[in-house]
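Student: What follows is a single structure, and I will ask about it in a moment.
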């Protein structure tokens, strides 16, 4: 449910819209719901807007005039986009504010049944309304109370519909049958709206020769006004669909977002035995009750389907998380081995170039794995830094320019030299790289392909723009732009890129939106300003700190004192790699293959430091640490213990701290950090 507030010199109106697309303009003249804007500078049909899941608004500029967004972005004719609600739009001299409204807060009782035109009435109670008290609507207040036998038949029929499988053919057929047997109509139909058209999913008639036709005008009216209508249609003239009908009734079926997804329709023929009184208000209310029953069933079915999808996604994410966790270690080991290879051997220029390419590929792979792991776990770590945009992102933009040049695409940077920002450079660079490279691939084969990255200060933060001169994006693609598992025709790719980009932006407290048309696509990223002027670096998920002086240069091999180190690690490659790094720094290393072995070796030998892998067979690193700390309580000296883990979560850091570990190092290990931790703690 959205609320549209329209303001100009001649108009100030508030319109509540329950769901689906709605057309705005001076004289929309559309089959869709309409909102009139009294402004000569607005096109006859200017905008189509529609609420989307997750608090977003989908819009299409179908008018001849530009529409201006709140960030001064101009949406030209034929362009469309997707923005977060609430949003302010400007067209002509009119301001349109669109915001979310809770459905329960805006549905109001309509007046009692009154004439609607000369031929229809509407029931007094809107469908899907929950009332705190039923006193006002007791059977005694209905006027002509039906007999107990008739009520029993009505309720039994309603229960038979409810017992049917929701969404099944049987469910719809039972409902259509109830219109004939319960209300006494000559025919009943269930219509669902699919791809902009009505489809009859079930129909029933007591007379096989009566047919199952319906009136499009009556159905459209029930949909556009989201009300139940009933009455005598003969005043409408000689429309073929209404000939020989004494009475019709149509009641909307609602979806989860309160949009009309179907119509329950019934009619009574002229000359029928029960036709001398037409359709009575109580009978129309029974039809509405049946339609509401379908609505409730469809909503429950959709919720169950979504729950199933969420559970499947969670299961997939967990599996992917395990895979990524296992991959990070081997890739990190390869990266460390490359470092050692560079230190130990003479290399030709060609070999150096090949090593650089391997190193760069590994770095990109590790970045992707880390991002994917955080996405699957729903945890994002950022370290915002305040500084000049060009200085913070210069290296990343230069690399991005090189990547785009390999695709034959130009990169234009339009950023003020002195623009101050507060952001995590690595994370925002990842977002820019993802969006720009996607655009670059879409521009293949275009004349003078160009990607532009622009930024400006908005007073309350920073706006980043990534624009291309490509063919634009289809509406369906835009609707699912930031959802996972969608590659949208792209060759290769994981389908996580834009979902991760959105997650990284939102971790900064920002928003990302897209506008696309025939002349190209523009992504807009809003990053809020830095609220804390006294801090230069923050972490969304603080970890167990290790007291290391970051300004102190690592001591060289000559000055570094040899330590006795116990390395508890079950991976053979990691054992050899870490042990090699330690021994190259003149440390004495003893290796344990699991937690139990580490505990026994520690009891028999003195050590200056224990490097303890968290996940090991027989006895894990956490349990081994607990045993060591229990023994130390008897008065012997305390040995520093550093956890080695690929887990980045706060929960893991808290567990390490709770068992008595002195710090946490995240795999793959950085050589300089490893040496500095040893110097600080051992």
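Numbering (the working numbering), first residue to last: 1 to 682. Quick reminder that beta carbons are idealized off the backbone N, C-alpha and C, glycines included.
#1: Can the beta-carbon of residue 260 be found closer than 9 Å to that of residue 279?
#2: Quick check: the Cα distance between residue 95 and residue 471, rounded to an integer number of angstroms?
#3: Start and end of the alpha helix (DSSP H) containing residue 169?
#4: Tell me which residues share the same chain as residue 396 and place their Cβ nearer than 6 Å to its Cβ, disregarding the 5 neighbours each side in the sequence.
#5: Would a C-beta distance cut-off of 9 Å place residue 585 and residue 567 closer than the cut-off?
#6: Return the first residue and the last residue of the beta strand (DSSP E) that residue 684 is part of.
#7: Is there contact here, the segment 181-191 with the segment 220-232, by at least three beta-carbon pairs under 8 Å?
#8: Measuring alpha carbon to alpha carbon, tell me which residue in 28, 174, 35 and 669 is nearest residue 581.
#9: Here's a check: name, in chain order, each residue in its chain whose Cβ is nearer than 7 Å to the Cβ of residue 492, leaving out the five neighbours to either side.
#10: Considering residue 422, what are the terminal residues of the beta strand (DSSP E) in which it resides?
#11: Go through its chain and collect everything with a Cβ distance to residue 655's Cβ below 8 Å, but skip five positions before and after it.
#12: For the candidate residues 100, 446 and 214, whose alpha-carbon lies nearest to that of residue 257?
#13: Name the DSSP bridge partner or partners of residue 612?
#14: Pull up the distance between the alpha-carbon of residue 627 and that of residue 599, whole angstroms please.
#15: Please name the residue, chosen from 609, 633, 635 and 192, that lies closest to residue 662 on a Cα-to-Cα basis.
#16: With burial defined as no fewer than 16 other Cβ atoms inside 10 Å of the residue's Cβ, what is the status of residue 169: buried or exposed?
#17: Within its chain, find whatever has a CB closer than 6 Å to the CB of residue 7; leave out the 5 residues flanking it on each side and keep chain order.
#18: Is the beta carbon of residue 432 sitting closer than 9 Å to the one on residue 473?
#19: Measure the beta-carbon distance from residue 642 to residue 607 and round it to whole angstroms, keeping in mind my assumption that it falls under 8 Å.
#20: Would you mind giving the Cβ-Cβ distance between residue 23 and residue 48, rounded to the nearest angstrom? I have them listed as a contact below 8 Å.
#21: Cα-Cα, which of 590, 561 and 197 is closest to residue 679?
#22: Do the segment 384-398 and the segment 412-428 meet, that is, are 3 or more Cβ pairs less than 8 Å apart?
#23: Report the residue from 88, 262 and 526 whose alpha carbon sits nearest the alpha carbon of residue 192.
#24: Spell out the partners DSSP gives residue 465 in its beta bridges.
#25: For my contact list, residue 442 and residue 468 are in at a C-beta cut-off of 8 Å; report their separation, rounded to the angstrom.
#26: Distance check for residue 33 and residue 235, CA to CA, integer angstroms please.
#27: Using a Cβ-Cβ cut-off of 6 Å (strictly less than) and excluding sequence neighbours within five positions of residue 44, which residues of its own chain qualify?
#28: Out of curiosity, what's the CA-to-CA distance linking residue 14 and residue 385?
#29: Given that a residue counts as buried once 16 or more other Cβ atoms are within 10 Å of its Cβ, and exposed if not, what is residue 659?
#30: By Cβ distance, which residues of its chain are closer than 8 Å to residue 136, with the 5 residues on each side in sequence left out?
#31: Report the option in 515, 97, 251 and 563 whose CA atom is closest to the CA atom of residue 676.
#32: Once you ignore the five residues that flank residue 80 on each side, which residues in its own chain have a CB closer than 8 Å to its CB?
#33: Starting from residue 95, trace the beta strand (DSSP E) in both directions and tell me its first and last residue.
#34: Let me confirm a value: residue 588 is counted as buried when at least 16 other C-beta atoms fall within 10 Å, else exposed. Which label applies?
#35: Going by beta carbon distance, what residues of the same chain come within less than 6 Å of residue 456, once the five residues before and after it are set aside?
Tutor: If we stick to the structure as given:
#1: no
#2: 30 Å
#3: 169-181
#4: 429
#5: no
#6: Coverage of the chain is limited to positions 1 through 682, which leaves residue 684 absent and any answer about it impossible.
#7: no
#8: 669
#9: Here residue 492 scores only 41 on pLDDT, less than 50, and its place in the model is too uncertain to base an answer on.
#10: 420-423
#11: 622
#12: 100
#13: 568 and 643
#14: 7 Å
#15: 609
#16: exposed
#17: 95
#18: no
#19: Their Cβ separation, rounded to whole angstroms, is 12 Å, which puts residue 642 and residue 607 out of contact at 8 Å.
#20: 5 Å
#21: 561
#22: yes
#23: 262
#24: 454 and 524
#25: 7 Å
#26: Reliability fails at residue 235, whose pLDDT of 48 lies under 50, so the model's placement of it is uncertain and the value that follows must be treated cautiously. C-alpha separation (whole angstroms): 24 Å.
#27: 25, 26 and 27
#28: 43 Å
#29: buried
#30: At residue 136, the pLDDT of 48 sits below 50, so the modelled position is not reliable and the matter cannot be decided from this model.
#31: 563
#32: 58, 59, 60, 61, 475, 478, 515, 516 and 517
#33: 94-100
#34: exposed
#35: 463
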